[in-house]
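Chemist:
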Amino acid sequence: MKQSYIYLKDALQDTYKNAFEKVEAYGTTHLISGEIQEERLMELLDNLLAAQKEQKDVSAIVGGDIDTFCRNFYGDYKVQDRVKDFPKYLSGIAWAIFIFSIIDFVFNFSDGSRMSDTMGGFTVGMIGGCGIELVIYLVIRPFYLKSKNAKLVNKMLPIFCVAALIITILVGAGVTKYITIQVPILLEVVVSGTYLAIYYAVRCVLNKRCYGTLFAPRVEEISFEEALNTSSMYTMPDAWLKGFRRKNSRLKKNGKPGITEEEYLNEIGKSINYKKNHIINLVILGGIGLCAILTTAISNGPEMLVDSMIFALILFFVEALVCRFMDKIIRNTDYVFCDMRKKMEEEQLSLSEYVDRIHNRE
Amino acid sequence: MEDTQLMKGILEGCVLAVISKGETYGYEILQELSEYGFQDLGEGTMYPVITRLEKKGYILCRKEKSPLGPIRKYYVISENGIVYLNAFKESYKRIAEVASAILDL
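Heads up: the protein sequence lines correspond to chains A and B, in order. When we follow the numbering used here, the leftmost residue of the first sequence carries the number 1, and every step to the right adds one. When we follow the numbering used here, the leftmost residue of the second sequence carries the number 1, and every step to the right adds one.
1. So for VAL76 (chain B), helix, strand or coil by DSSP?
2. Please state whether the Cβ-Cβ distance between ILE272 (chain A) and THR333 (chain A) is less than 8 Å.
3. Is PRO67 (chain B) near the ligand PLP, in the sense that its beta carbon is under 7 Å from a heavy atom of that ligand?
4. Looking at the strands, I want to know which residues DSSP matches up with CYS61 (chain B).
5. Quick check on this structure: which residue in A:VAL183, A:PHE73, A:SER232 has the alpha carbon closest to the alpha carbon of CYS338 (chain A)?
6. Using 8 Å as the limit for Cβ to Cβ distance, is SER66 (chain B) near chain A?
7. Bridge partners of THR24 (chain B), per DSSP?
8. Taking the straight line between their C-alpha atoms, what separation do you get for LEU241 (chain A) and ASP10 (chain A)?
9. For TYR74 (chain A), does the three-state DSSP call read helix, strand or coil?
10. What in chain A is Cβ-close to ILE102 (chain B), meaning under 9 Å?
11. Mind checking the stretch 19-48 of chain B against chain A and listing, in chain order, the residues whose C-beta falls within less than 9 Å of any C-beta there?
12. Just reading off the alpha helix (DSSP H) that ILE259 (chain A) is part of, what are its end residues?
13. Could you tell me whether the stretch 47-58 of chain B touches the stretch 74-85 of chain B, where touching means 3 or more Cβ pairs closer than 8 Å?
14. Taking the continuous alpha helix (DSSP H) assigned at GLY287 (chain A), which residues delimit it?
15. Distance cutoff 8 Å, beta carbons only. Does GLY13 (chain B) sit that close to anything in chain A?
16. For TYR58 (chain B), collect the residues of the same chain with a Cβ closer than 8 Å to its Cβ; drop the 5 residues on either side in sequence, then sort them by chain order.
17. Can a CB atom of chain B be found closer than 8 Å to the CB of MET1 (chain A)?
18. Going along the chain, which residues of the stretch 229-252 of chain A sit with their C-beta nearer than 7 Å to a C-beta in chain B?
19. Just the chain B side, please: which residues come within less than 7 Å of GLY34 (chain A) by C-beta, in chain order?
20. Can you give me the start and stop residues for the alpha helix (DSSP H) that PHE215 (chain A) sits inside?
21. Who are the near neighbours of GLU362 (chain A) in its chain, counting only those whose CB is closer than 7 Å to its CB and skipping five residues on each side?
22. Ignore the nearest five residues each way along the sequence and tell me which others in GLY243 (chain A)'s own chain have a CB closer than 6 Å to its CB.
23. LYS56 (chain B) lies in the alpha helix (DSSP H); which residues open and close that run?
24. Express the C-alpha separation of ASN266 (chain A) and VAL336 (chain A) in angstroms, rounding to a whole number.
25. With DSSP collapsed to three states, give me the class of GLN37 (chain A).
26. Report the rounded CA-to-CA distance for LEU33 (chain B) versus LEU8 (chain A), giving the unit in angstroms.
27. Among A:ASP104, A:VAL189, A:ALA239, which one has its Cα closest to the Cα of ILE268 (chain A)?
28. Identify the continuous alpha helix (DSSP H) that holds ILE32 (chain A) and give its terminal residues.
29. Please classify CYS70 (chain A) as buried or exposed, where buried requires at least 16 neighbouring CB atoms within 10 angstroms.
30. Rounded to a whole number of angstroms, what is the C-alpha to C-alpha distance between ALA201 (chain A) and GLU43 (chain A)?
31. Going by beta-carbon coordinates alone, are ASP46 (chain A) and TYR27 (chain B) separated by less than 8 Å?
32. Which of the three DSSP states is assigned to LEU140 (chain B) in this structure?
33. Which residues in chain A have a C-beta closer than 8 Å to the C-beta of ARG52 (chain B)? List them in chain order.
34. Taking CB distances under 8 Å as the criterion, tell me whether ALA11 (chain A) reaches chain B.
35. Can you tell which of B:GLN31, B:PHE38, B:LYS21, B:ILE19 has its C-alpha closest to the C-alpha of LYS8 (chain B)?
36. Identify whether GLY81 (chain B) lies in helix, strand or coil by the three-state DSSP scheme.
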């Protein structure tokens with residue numbers, strides 16, 4: 001998954017992390033494409049980690065003035081580069097139209113008319129998507145330039161994008177009642193399929209020129225899981241230490257005796273037990289899924305058995321993905337905790353000493 | 001303080017010269033240039049230079065996971081890069097001779 005640097009940056013210490021987040025916020029507020037951001041920031045992250053390891057000052061990498069650094073860092077990225085990314089975004093939309101049109105054509109969901117209202121929603125989606133980018137640029141950028149609070153900008157952006165997406169969908173749903181452009185489904189399949197064929201043909205030609213092969217060489221990537229695991233090694237012990245201090249502070253305020261680190265860690269260990277959480281996860285998701293399927297089957301009746309079965313299949317697939325994702329998080333948390341406990345025992349470290357050790361703050 | 005325009009003119013050739021010594025990566029290039037005496041390279045000027053060299057085909061890049069976690073880009077000079085570097089060295093020598101004479105250095 002792209003943007004895995006978002007999780008890897010947790011390995012950076014304070015001044016390095018601040019500098020990195022400022023560069024990240026600059027790229028975001030200046031609409032640098034995600035692919036360029038990923039590549040440049042990954043390289044910057046590697047350089048910062050190398051400098052941190054050798055205990056060099058952060059200015060050895062980003063200089064004395066972060067704004068000057070950012071202007072030079074992204075200096076060669078021009079508006080025309082942004083335009084070059086557009087066909088790639090369009091290919092994602094084309095895939096969505098192509099797949100849904102094929103399903104619609106095969107299963108004839110449009111009541112036999114073989115016409116689709118997709119174009120109305122598609123047009124609103126396109127305009128909405130461009131609108132999101134423009135609003136980001138107009139609203140977020142001056143805020144960043146004024147506040148210089150990079151951490152807040154980086155956190156605000158995903159929230160803003162989700163909110164904008166919801167508004168676009170609601171507006172689109174409302175507008176398509178009045179602006180419905182009906183087209184034959186076959187035409188949607190042909191147009192989107194043709195676009196995809198041309199897009200990938202051009203990509204193959206460019207790859208051949210650049211790499212000598214039709215496909216770009218496979219690059220070793222950091223998976224989302226790996227990046228999350230790396231981040232967890234730093235963020236979870238931090239969170240547990242903060243939790244321990246907060247708990248003792250609360251107990252003290254209420255006039256109760258505090259708990260020891262050992263007691264706190266034993267409580268954490270019981271709550272994140274993998275087997276127990278895995279079973280709870282399966283029971284909850286399985287229960288929700290079963291209720292949804294039964295409710296749908298009963299309300300649809302026997303005459304719509306095929307629709308109910310398709311719904312059950314889709315729900316099962318989605319739940320399996322969610323279950324797998326939740327399972328990975330539970331397993332990772334369990335692993336980080338056990339690893340931390342083992343190292344603390346081996347090196348006779350307290351929780352705060354361990355956290356300082358992993359952040360090289362000794 | 002080093003003149004920015006002067007730096008921009010020679011940085012491309014200097015970065016290419018460092019890469020020509022053997023496969024290397026961003027931080028190593030920064031370190032080596034710094035050891036030679038280039039100040040203010042931390043202002044981010046190196047990154048677009050490397051991107052330009054790659055786009056022109058003077059350097060080749062491969063990606064590999066670094067020991068520190070992120071994906072690291074390793075650079076080597078290409079055949080075209082060697083030709084360009086030799087031409088750059090000739091041009092620099094000629095210009096430096098003329099400039100030295102004019103500036104009475």
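A virtual CB, placed ideally from N, CA and C, is assigned to each residue, including glycine.
Modeler: Taking the geometry as given:
1. The residue labelled residue 76 (chain B) in the question sits at position 76 within the second sequence. If DSSP states are grouped into helix, strand and coil, VAL76 (chain B) belongs with the strands.
2. Here residue 272 (chain A) refers to the residue found at position 272 when the first sequence is read from its first residue. Here residue 333 (chain A) refers to the residue found at position 333 when the first sequence is read from its first residue. In this structure, THR333 (chain A) lies closer than 8 Å to ILE272 (chain A) by Cβ.
3. The ligand PLP is not part of the structure shown, which contains no ligands of any sort.
4. To locate residue 61 (chain B), count along the second sequence from 1; it is residue 61. Paired residue(s): B:TYR75.
5. Residue numbering aside, residue 338 (chain A) sits at position 338 when the first sequence is read from its first letter. Considering only alpha carbons, the answer is A:SER232.
6. Along the second sequence, read from residue 1 onward, the residue named residue 66 (chain B) stands at position 66. Closer than 8 Å: yes.
7. By one-based count along the second sequence, residue 24 (chain B) stands at place 24. Partner(s): B:TYR75.
8. Within the first sequence, residue 241 (chain A) is the residue found at index 241, counting from 1. Within the first sequence, residue 10 (chain A) is the residue found at index 10, counting from 1. The alpha-carbon atoms of LEU241 (chain A) and ASP10 (chain A) are separated by roughly 16 Å.
9. Within the first sequence, the letter at position 74 stands for residue 74 (chain A). Three-state result, TYR74 (chain A): coil.
10. Along the second sequence, read from residue 1 onward, the residue named residue 102 (chain B) stands at position 102. Chain A residues near ILE102 (chain B): none, gap ~30 Å exceeds 9 Å.
11. TYR25, GLY26, TYR27, GLU28, LEU30, GLN31, SER34, ASP40, LEU41, GLY42, GLU43, GLY44, THR45, MET46, TYR47, PRO48
12. If you number the first sequence from 1, residue 259 (chain A) lands on position 259. Note, ILE259 (chain A): premise wrong, no alpha helix (DSSP H); not H, not E.
13. yes
14. As a working mapping, residue 287 (chain A) is identified with position 287 in the first sequence. Its alpha helix (DSSP H) spans residues 274-300.
15. Along the second sequence, one-based indexing puts residue 13 (chain B) at 13. Chain A, which has no Cβ nearer than 8 Å to the Cβ of GLY13 (chain B), makes this no.
16. By one-based count along the second sequence, residue 58 (chain B) stands at place 58. If we look at TYR58 (chain B) and ignore the five residues flanking it on each side, its Cβ neighbours are LEU16, ILE77, SER78, ASN80, GLY81, TYR84, LEU85.
17. Here residue 1 (chain A) corresponds to residue number 1 of the first sequence, with the count starting at 1. Caution applies to MET1 (chain A), whose pLDDT of 38 falls short of 50 and renders its modelled position unreliable; the value that the coordinates give is listed next. No, MET1 (chain A) does not count as interfacial toward chain B.
18. THR230
19. Stepping through the first sequence from its first residue, residue 34 (chain A) is reached at position 34. What GLY34 (chain A) touches in chain B: nothing, since even the nearest Cβ is about 15 Å away.
20. Looking up residue 215 (chain A) in the first sequence gives position 215. Counting along the chain, PHE215 (chain A) falls outside any alpha helix (DSSP H), and DSSP gives it neither H nor E.
21. Taking the first sequence and counting its residues from 1, one reaches residue 362 (chain A) at position 362. The predicted position of GLU362 (chain A) is uncertain, since its pLDDT is 44 and thus under 50; a value taken from the coordinates is nonetheless stated next. Here the set comprises ASP356.
22. For the purposes of this step, residue 243 (chain A) is identified with residue 243 of the first sequence, where counting begins at 1. Within the same chain, GLY243 (chain A) has no close Cβ partners at all.
23. One-based indexing of the second sequence puts residue 56 (chain B) at position 56. Unbroken run through LYS56 (chain B): none, as it is neither H nor E.
24. The sequence position of residue 336 (chain A) within the first sequence is 336, counting from 1. The sequence position of residue 266 (chain A) within the first sequence is 266, counting from 1. Each residue's Cα considered, the two are about 14 Å apart.
25. Taking the first residue of the first sequence as position 1, residue 37 (chain A) is located at position 37. Helix.
26. Within the second sequence, numbered from 1, the residue matching residue 33 (chain B) stands at position 33. Within the first sequence, numbered from 1, the residue matching residue 8 (chain A) stands at position 8. Distance between the alpha carbons of LEU33 (chain B) and LEU8 (chain A) is about 27 Å.
27. Your numbering for residue 268 (chain A) matches position 268 in the first sequence. With distances taken between Cα atoms, ILE268 (chain A) lies closest to A:ALA239.
28. Numbered from its first residue, the first sequence carries residue 32 (chain A) at position 32. Taken as a continuous stretch (DSSP letters only), ILE32 (chain A) belongs to no alpha helix (DSSP H), as it is neither H nor E.
29. Your numbering for residue 70 (chain A) matches position 70 in the first sequence. CYS70 (chain A) comes out buried.
30. Residue numbering aside, residue 201 (chain A) sits at position 201 when the first sequence is read from its first letter. Residue numbering aside, residue 43 (chain A) sits at position 43 when the first sequence is read from its first letter. Cα to Cα, the separation comes out at about 30 Å.
31. For the purposes of this step, residue 46 (chain A) is taken as the residue at position 46 of the first sequence. For the purposes of this step, residue 27 (chain B) is taken as the residue at position 27 of the second sequence. Yes, these two residues count as a Cβ contact at 8 Å.
32. One cannot answer for residue 140 (chain B) here, as it falls past the ends of chain B, which runs 1 to 105.
33. Along the second sequence, one-based indexing puts residue 52 (chain B) at 52. Ordered by position in chain A, the residues that pass the 8 Å Cβ test against ARG52 (chain B) are ASP76.
34. The residue labelled residue 11 (chain A) in the question sits at position 11 within the first sequence. Closer than 8 Å to some Cβ of chain B, the Cβ of ALA11 (chain A) qualifies, so yes.
35. Along the second sequence, one-based indexing puts residue 8 (chain B) at 8. Of the candidates B:GLN31, B:PHE38, B:LYS21, B:ILE19, the one whose C-alpha sits nearest the C-alpha of LYS8 (chain B) is B:PHE38.
36. Looking up residue 81 (chain B) in the second sequence gives position 81. GLY81 (chain B): helix per DSSP, three-state reduction.
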